[in-house]
Amino acid sequence: MPLTNVVITKAKPSDQGKNIKLADGGGLYLLITPKGARYWRLKYRFAGKEKLLALGVFPEISLKDARARRDAARRLLDEGIDPSEKRRSDRVAARVAAESSFKAIALEWHQARAAEWAPRHAASVLRTLEIYLFPDLGTRPIAEIEPMALLDVLRKVERAGKLDTAKRLRERAEAIFRLAVATGRARHNPAAELTDALKVKISKPRPALRLDELPAFLVALRDNRSLTPHTRALFLVVITCFTRIGETVRAEWDHVDLQNGIWTIPAQNRKIKTTLKHITPPHVVPLPAQVLDALLQLQAHPQAGSYVFPNHHKPRSHMSEATLLKALERMGYGGKNTEHGNVVTHGFRATASTILNEAGFNPDAVERQLSHREPNQVRAAYNRAAYLEERRRMLQCWADYLDMLTAEARVLPLITETNDSRSPYGA
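Residues 0 to 426 in numbering that gives the first Met the number 0 are what the sequence shown spells out, letter by letter.
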């Protein structure tokens, strides 16, 4: 006699410690354990052997649902398919699909690459994947993603006006699909076919001071009495050594050899990384006398800590990268107040590079000082060794030249050579 909900509800566990089976028909029954748990089971025969299939737990699976699952299993038996084996193969397929999903392979790719990246950059890359790609593509088997599916996702980013983000997402997707192809989990790379499918942002050079604007700026900087000693020193370092602002504010006293005039920017602080972590180089910066004097004064400052440029509101942190931008804005060189033109901290690198190259300094030495990536590792190692003293002389000459422009408040020629190979502006 078929089961009813009333019968199931009234059924009690055995007080003799035995399982109770309530049959419904077609091999379906409800198993009640001595502890009161209730399980749906289907007894059937396949290839001459009696087998058992679990169909769920009551009451999560109702009587109606259990019968539907029984009928589905019976249809498989009619087709010569073992329901237990079918379930097992479906679970394997689901696990393989999950392991071969776009998200799974993207995370695998990110984990491998993150070992080569600075932590901030690795976190930023993962965040863009989570925000823009995973919601639409994350659970999909990577082998089934076609170019149009990826393009639809990228176009949404593009329509939001984020052209650079869309471009980087396509590049990262191409790397993820390349890994999938290399490991046999995809047969083609749809991202590679979309190279010319996205809008190209017309890039503008970052605002930078021209030579004819530099003296007035340096005078304004010298006469600015609102700058703290640390902010003034930070300006001096980024203008004189034309290092990146992020690398500069993260400088620690342990990185600076004041006796030998050397500042070593460790790999984890650098923007540029090589593809092999164990040869990711530090960037060695020779320090001109003016910078050394400023750093010695900071070191004696009562608030000096592990960071050369500490955050006075957060003792264990470094100064914000935005500190100089805010100072520039107050001086009328940036933000909403652009009385003297818009200038950004990265622009100091362009200013120095332009003037030094035009003055005839060795372009390789300038590039080395800018810490631009050298793809040839042998050449990169040579450049680091060969150009250190040349860069030291170049930076001292540049520092003295900036002092001269400040003192004279007008443009004067930059002299690169003297008979005794010293800076022509030194005392």
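All residues carry an ideal CB built from backbone N, CA and C; glycine is no exception.
Note that the structure is a prediction, hence the values are computed from the model and not measured.
Whole-angstrom distance between residue j and residue i, CA atom to CA atom
i      : j      : result
Thr182 : Ala93  : 19 Å
Leu54  : Val6   : 19 Å
Glu366 : Thr322 : 26 Å
Val124 : His109 : 8 Å
Trp39  : Lys17  : 17 Å
Ala293 : Lys155 : 50 Å
Ala190 : Leu149 : 7 Å
Thr247 : Pro281 : 13 Å
Lys198 : Asp163 : 9 Å
Glu357 : His187 : 48 Å
Trp116 : Ser83  : 47 Å
Phe308 : Asp363 : 29 Å
Pro12  : Pro33  : 5 Å
Ala266 : Val283 : 11 Å
Ala142 : Asp89  : 18 Å
Ser319 : Asn268 : 14 Å
Arg167 : Gln368 : 27 Å
Arg158 : Leu193 : 16 Å
Lys85  : Arg68  : 13 Å
Glu107 : Glu170 : 16 Å
Gln298 : Phe216 : 27 Å
Ser420 : Met393 : With a pLDDT of only 45 at Ser420, under the threshold of 50, the placement of this residue in the model should not be trusted; the figure read from the coordinates follows. Going from the Cα of Ser420 to the Cα of Met393 covers about 10 Å.
Tyr43  : Asp77  : 12 Å
Asp14  : Ala103 : 50 Å
Lys9   : Gly24  : 19 Å
Gln296 : Ala196 : 55 Å
Pro118 : Thr127 : 14 Å
Ala65  : Arg184 : 37 Å
Leu29  : Thr138 : 35 Å
Ile427 : Leu51  : Since the first residue shown for the chain is 0 and the last is 426, residue 427 is missing from the structure and cannot be characterised.
Glu129 : Phe101 : 12 Å
Ala406 : Lys313 : 36 Å
Leu41  : Leu27  : 5 Å
Leu257 : Ala207 : 30 Å
Residue i - containing beta strand (DSSP E), residue span
i      : result
Val152 : Segment Pro146 to Arg158 is the alpha helix (DSSP H) holding Val152; no beta strand (DSSP E) there.
Pro285 : His282 to Pro285
Lys48  : Lys48 to Val56
Gly24  : Ile19 to Gly24
His317 : Lys313 to His317
Thr263 : Ile261 to Ile264
Arg435 : Past the boundaries of the shown model lies residue 435; the chain is included only from 0 to 426, so the question cannot be answered.
Within-7 Å CB hit, residue i to chain C
i     : result
Phe45 : Any reference to chain C falls outside this structure, which holds one protein chain only.
7 Å Cβ shell around residue i - same chain, five flanking residues per side excluded
i      : result
Asn223 : Met330
Asp135 : Val152
Leu411 : Met403 and Leu404
Thr344 : Val237, Ile244, Leu323 and Leu324
Ala351 : Phe241 and Trp397
His317 : Val248, Arg249, Tyr306, Phe308, Pro309 and Asn310
Glu59  : none
Leu275 : Low confidence applies to Leu275: its pLDDT is 40, below 50, so where it sits in the model is not reliable, and the reading given next is rough at best. Cβ within range, chain order: n/a, list empty.
Residue i, enclosing alpha helix (DSSP H) - first and last residue
i      : result
Pro362 : Pro362 to Leu369
Thr127 : Pro118 to Thr127
Ile60  : Premise fails: Ile60 is in no alpha helix (DSSP H) and is neither H nor E.
Thr322 : Thr322 to Arg329
Tyr28  : Element bounds for Tyr28: not the alpha helix (DSSP H) but the beta strand (DSSP E), Leu27 to Ile31.
Leu394 : Leu387 to Glu407
Asp292 : Ala288 to Gln298
Lys102 : Phe101 to Ala113
Ala349 : Gly346 to Glu357
Pro134 : Phe133 to Leu136
Asp163 : Leu162 to Ala181
Asn188 : It is not in any alpha helix (DSSP H) - Asn188 carries neither H nor E in the DSSP assignment.
Ile141 : Neither: Ile141 is in no alpha helix (DSSP H) and is coded neither H nor E.
Asn4   : Asn4 to Lys9
Cutoff 8 Å; reference residue i; Cβ partners in own chain excluding five residues on either side
i      : result
Ala121 : His109, Arg112 and Ala113
Val56  : Ala36, Arg37, Tyr38 and Trp39
Glu389 : Asn361 and Ala364
Phe234 : Leu220, Leu226, Leu323 and Ala326
Val180 : Arg186, His187 and Asn188
Residues near residue i in its chain [Cβ-Cβ closer than 6 Å; skip 5 each side]
i      : result
Ala398 : Thr239, Pro287 and Gln289
Ala250 : Val307
Thr263 : His254, Pro281 and Val283
Leu327 : Gly333 and Val342
Phe45  : Asp81
Ala105 : Leu128 and Ile175
(request) Decide if the segment 170-182 is in contact with the segment 205-223; the criterion is three or more beta carbon pairs, one per stretch, under 8 Å apart. (result) no
(request) Could you tell me which uninterrupted alpha helix (DSSP H) segments, each at least 4 residues in length, are contained entirely in the segment 201-251, listed from first to last along the chain? (result) 213-221, 228-239 and 244-248
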